[in-house]
Every structure is written in structure tokens, then in C-alpha cells.
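**Student:** Take this structure, written in C-alpha cells, and hold onto it; I'll ask about it next.
2 protein chains.
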Amino acid sequence: MTPPTDPLTTEVVGLIGSVVARYHEEYERAAAEHALTGAQARVLRLLAEEPSPMRRIAARLRCEPSNVTGIVDRLAARGLVERRPDPADRRVKLAVATALGKETASRLRGSLDFADEPLAALSAGERTALRDLLRRMLGPAAETSGADSAPRSGETAD
Amino acid sequence: MTPPTDPLTTEVVGLIGSVVARYHEEYERAAAEHALTGAQARVLRLLAEEPSPMRRIAARLRCEPSNVTGIVDRLAARGLVERRPDPADRRVKLAVATALGKETASRLRGSLDFADEPLAALSAGERTALRDLLRRMLGPAAETSGADSAPRSGETAD
DNA sequence: TATTGTTATACTCTATAACTATA
DNA sequence: TATAGTTATAGAGTATAACAATA
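If you read the sequences in order, they're chains C and D. First residue of the first sequence: 1, per the working numbering; consecutive thereafter. First residue of the second sequence: 1001, per the working numbering; consecutive thereafter.
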């Protein structure tokens, strides 16, 4: 679709593909270090920030709500997450990270050293330039949306 | 690990996370458009470039060889891929894309319009700057490795 | 009636281990 | 004996459809 795509753009897309592959591997490795799957790690990080109804987790993960049941079950079985009723609406269940869950999420973030390894190759000035380019690329929403995002999160907010 | 990570780096990592999420969604959507899973699409693109022993596919996908059996089975069942014996070593089976498989891979590449949507926001000059930054970030190997890569490929070549 | 979360089901991807046929 | 590919098995993620409780 659209114009034939010039060599420069093709190369940039390829490079982005490489970044994606590397980021993804890093993320999975970091999750595995804590005996978590990628999906579990994403949910745990989400809940470490704030409690969330099951439905909202699904929206953030871009998957069906029925899947979240199992993921939260497994996190709950390990004491990383708990389910609490929502006082305002008794249909809703809030998933909340336990103290252990928050601690695990924090360690998880620490071991996701994408910041060091590949990014360390760039000077502060270069990182600033990269930031500006990525901001422009992702559009105005980017400044808030992805401040600490995980792969495949890509929320539509709700 | 390593230094406390300054706010700038944190933001850049977050932005990269957003790019990763978006790229991944795009890729899955494009694959689904052709009734393929992400893994199937990755293998098909790989084989559209050149035939490959099962073992090598696994290395590119960074998964166990036993998984490739099923993925290639499903692609073969749809006539997108074939298995051929390797004349040089009768233990080896080469997976090769059929004409239909190559055509599908080509259409797949066309519908992966990451190049248009987010990247179109950047001018040619900006794309060049982005290319240079990503090259430096990924290191010297990047120029060859990811020219048309898929998420999670991230090959170690072999 | 509509919505939230769950259950039931089926498929794909994943790793591990055991097997076969070559080498 | 070592290697390539497969099979068997089990766990996890995914979507769909049907269901209970609540709104």
C-alpha cells in the first residue's frame, strides 16, 4: 500500500524490527529470571502501578477478558496479586499487587536493562535526538502513553 | 543494575517500548489478515528469502527445533511451504516456500505498513537521523542483520 | 437488558525428553 | 557417538461461546 517505499525507509523499518526483536528478547529473559512469563510480567507491572478491574487489564493487554482470568490466577497462586471486590460495583473485581508483587515488579524493572546495553552506545545528546524523533513518530500521545510500557501493551487507554 | 538511569534514558526506553508494542500489533494484524499466526508469518518470510533446514529456522526464531515441525506442518498443509530432502545430507530437510508461499509473503510484507503510518511523520532528513542513531545503538552488525527482520527474529546468524 | 467476570473448549506456541534415521 | 528431525507430553496464551451475578 501507499508509495513504493524507498530504500531509506526500508532500512529504518528493518532497524526498528531489530530493536523490536532485541527488546522482546530482553523482556522475556527478564521475566523468566523471576519465573514469570511475558504476559504475567506485563500484568504484574500494570498492577504494581495501580489496582485494576479485570476488564481493564484485558484492554491494556489487548486480549480477551477471559484470558486475564488465568493469568491473574497464576499470579495470585504465587501471592503476587490479589482479587478484591469493588465497593462501587459488585460485578467488578479489582486485581491488586501485593507487597511481594510490587517488590517483584520493581526487581523486574531493574533487570530489564535495555536502558544500559544498547542505549549506552548513545551519548546524552544522541539520546535526546532519538527521544525527539520517537516522540514525533509516535505522535502527541506518546509523551504520556509509553513512559514505562511493556511490549504489546499499547493501550488505547480504555 | 548499573547506574540509576536518568529521566532522559527512562523516557527513551519508554518510547521504545511504545514502538515495540505498536510494531508487534501491526505485525500480528498483518499476519492475521492472511490467516497466519505471528510465528507462521515469521517462518514464511524467512523461507520466502531462501530455503532453510529446520534447524536453522529454529535458530532464527530462537525456539526449539521441535516447535518448527508443527509450524512448518501447518504452513505445508496450506500449500505455502514444502519439505525437500537435502542431497548433501540425508538427515536434513530443507523447508522451501512454494510459489503461493512467496506470493503470500510478498503480500504480507505489503500489508505491514509500519513504514507508512508512524514513519511517515518523519521527513527524509529525520529518517536518516533516526537510521544513524539506530545503527549506532544496535552496533556494527545492524547494517546487515535486520534489513527486513520480523519481531523476535533477532538471529545470531546461526 | 446490558455488563463483569468466569468457565468450557479448542488451537497454537513453547520447552523437555525420548525416538529414528542418518552421519 | 553425534546430529537432524520428529513424536509425545505438558504448560501457557489466545479467541469464542455460554453462563452466573449484578447492574
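Just so you know, even glycine gets a beta-carbon here, dropped at the ideal spot from N, CA and C.
Using the Cα positions of residue 1076(D) and residue 107(C), report the straight-line distance between them to the nearest angstrom.
**Tutor:** Start at 1 with the first residue of the second sequence, and residue 1076(D) comes out as number 76. Start at 1 with the first residue of the first sequence, and residue 107(C) comes out as number 107. Approximately 43 Å, taken between the alpha carbons.
**Student:** Between the C-alpha atoms of residue 31(C) and residue 103(C), what's the straight-line distance to the nearest angstrom?
**Tutor:** For this step, residue 31(C) is matched to residue 31 along the first sequence. For this step, residue 103(C) is matched to residue 103 along the first sequence. Rounded to whole angstroms, residue 31(C) to residue 103(C) spans 14 Å at the Cα level.
**Student:** Report whether the distance from the Cβ of residue 14(C) to the nearest heavy atom of the ligand COA is below 7 Å.
**Tutor:** Although the ligand COA was asked about, the structure shown includes no ligands whatsoever.
**Student:** Check the DSSP bridge columns for residue 1046(D) and list the partner residues they point to.
**Tutor:** On the second sequence, residue 1046(D) is found 46 positions in, with the first residue counted as 1. According to DSSP, which records beta bridges pairwise, residue 1046(D) is partnered with nothing at all.
**Student:** Do you know offhand how far residue 1(C)'s Cα is from residue 1023(D)'s?
**Tutor:** Position 1 of the first sequence, counted from the start, is the residue given in the question as residue 1(C). Position 23 of the second sequence, counted from the start, is the residue given in the question as residue 1023(D). Summary for residue 1(C): the model assigns pLDDT 49, below 50, so the residue's position carries little reliability, and this model does not support an answer.
**Student:** Please classify residue 1082(D): does DSSP put it in a helix, a strand, or coil?
**Tutor:** The sequence position of residue 1082(D) within the second sequence is 82, counting from 1. Three-state DSSP puts residue 1082(D) in a strand.
**Student:** By Cβ distance, which residues of its chain are closer than 8 Å to residue 1094(D), with the 5 residues on each side in sequence left out?
**Tutor:** What you label residue 1094(D) is simply residue 94 of the second sequence in a count that begins at 1. The residues are 1051, 1052, 1053, 1083, 1084, 1085, 1086.
**Student:** Against chain D, with Cβ distances strictly below 8 Å, would residue 50(C) count as a contact?
**Tutor:** Start at 1 with the first residue of the first sequence, and residue 50(C) comes out as number 50. No, its Cβ sits nowhere closer than 8 Å to a Cβ of chain D.
**Student:** Check this for me: beta carbons of residue 135(C) and residue 1122(D), under 8 Å apart or not?
**Tutor:** Sequence index remark: in the first sequence, residue 135(C) carries index 135 (1-based). Sequence index remark: in the second sequence, residue 1122(D) carries index 122 (1-based). Not closer than 8 Å, so no.
**Student:** Would you say residue 147(C) faces chain D, with C-beta separation under 8 Å as the test?
**Tutor:** Translated into the one-based positions of the first sequence, residue 147(C) becomes position 147. Its pLDDT being 33, under 50, residue 147(C) is placed unreliably by the model, and nothing is read from it.
**Student:** Which residues in chain D sit within 9 Å of residue 138(C), going by Cβ to Cβ distance?
**Tutor:** Reading the first sequence from its first residue, position 138 is the one you call residue 138(C). What residue 138(C) touches in chain D: 1015, 1018, 1019, 1022, 1118, 1121.
**Student:** Please report the straight-line C-alpha distance between residue 1092(D) and residue 126(C), rounded to a whole angstrom.
**Tutor:** Reading the second sequence from its first residue, position 92 is the one you call residue 1092(D). Reading the first sequence from its first residue, position 126 is the one you call residue 126(C). Rounded to the nearest angstrom, the two C-alpha atoms are 46 Å apart.
**Student:** If you compare alpha carbons, which of 79(C), 120(C), 5(C) is closest to residue 40(C)?
**Tutor:** Indexing the first sequence from 1 puts residue 40(C) at position 40. It is 79(C).
**Student:** Specify, as a first and last residue, the run of the alpha helix (DSSP H) that residue 12(C) falls within.
**Tutor:** Counting from 1 along the first sequence, the entry for residue 12(C) is found at position 12. 7-33 is the span of the alpha helix (DSSP H), which, as asked, contains residue 12(C).
**Student:** How many Å lie between residue 1101(D) and residue 58(C) at the Cα?
**Tutor:** The sequence position of residue 1101(D) within the second sequence is 101, counting from 1. The sequence position of residue 58(C) within the first sequence is 58, counting from 1. Those two C-alpha atoms are separated by around 34 Å.
**Student:** For residue 51(C), which of helix, strand or coil comes out of DSSP?
**Tutor:** Numbered from its first residue, the first sequence carries residue 51(C) at position 51. The answer is coil: DSSP assigns residue 51(C) none of H, G, I, E or B.
**Student:** Name the two residues that bound the continuous beta strand (DSSP E) containing residue 1096(D).
**Tutor:** Position 96 of the second sequence holds residue 1096(D). Its beta strand (DSSP E) spans residues 1093-1097.
**Student:** If we call anything under 8 Å between Cβ atoms a contact, is residue 1060(D) one with residue 11(C)?
**Tutor:** Position 60 of the second sequence, counted from the first residue, corresponds to residue 1060(D). Position 11 of the first sequence, counted from the first residue, corresponds to residue 11(C). No, Cβ-Cβ distance for residue 1060(D) and residue 11(C) is not below 8 Å.
**Student:** Work out the CA separation of residue 1098(D) and residue 45(C) for me, nearest whole Å.
**Tutor:** Position 45 of the first sequence holds residue 45(C). Position 98 of the second sequence holds residue 1098(D). Approximately 43 Å between the Cα atoms of the pair.
**Student:** Determine the direct distance from the alpha carbon of residue 1009(D) to that of residue 1042(D), and round the result to whole angstroms.
**Tutor:** One-based indexing of the second sequence puts residue 1042(D) at position 42. One-based indexing of the second sequence puts residue 1009(D) at position 9. Approximately 31 Å between the Cα atoms of the pair.
**Student:** So, for residue 96(C): in the same chain, excluding its five sequence neighbours on each side, which residues have a beta-carbon less than 6 Å away from its beta-carbon?
**Tutor:** Taking the first residue of the first sequence as 1, we reach residue 96(C) at position 96. Closer than 6 Å at Cβ, skipping near neighbours: 51, 82, 84.
**Student:** Pick from 1017(D), 1138(D), 1112(D), 1048(D): whose alpha carbon is nearest that of residue 1028(D)?
**Tutor:** Translated into positions along the second sequence, residue 1028(D) becomes position 28. Ranking the options by Cα distance to residue 1028(D), first place goes to 1112(D).
**Student:** How long is the line joining the alpha carbons of residue 34(C) and residue 15(C), rounded to whole angstroms?
**Tutor:** Residue numbering aside, residue 34(C) sits at position 34 when the first sequence is read from its first letter. Residue numbering aside, residue 15(C) sits at position 15 when the first sequence is read from its first letter. Looking at the two C-alpha atoms, the distance is approximately 29 Å.
**Student:** Below 8 Å on C-beta distance, what does residue 58(C) contact in chain D?
**Tutor:** In the first sequence, residue 58(C) corresponds to position 58, counting from 1. Here the premise fails: no neighbours, minimum Cβ distance about 15 Å.
**Student:** Need the endpoints of the alpha helix (DSSP H) that residue 1117(D) sits in, please.
**Tutor:** Working through the second sequence from its first residue, we reach residue 1117(D) at position 117. Looking at the DSSP string, residue 1117(D) is not in any alpha helix (DSSP H), and its letter there is neither H nor E.
**Student:** Spell out whether any CB of chain D is found under 8 Å from the CB atom of residue 108(C).
**Tutor:** What you label residue 108(C) is simply residue 108 of the first sequence in a count that begins at 1. Closer than 8 Å: no.
**Student:** Please tell me whether residue 1103(D) has its Cβ less than 8 Å away from any Cβ of chain C.
**Tutor:** Along the second sequence, one-based indexing puts residue 1103(D) at 103. Not closer than 8 Å to any Cβ of chain C, the Cβ of residue 1103(D) fails to qualify, so no.
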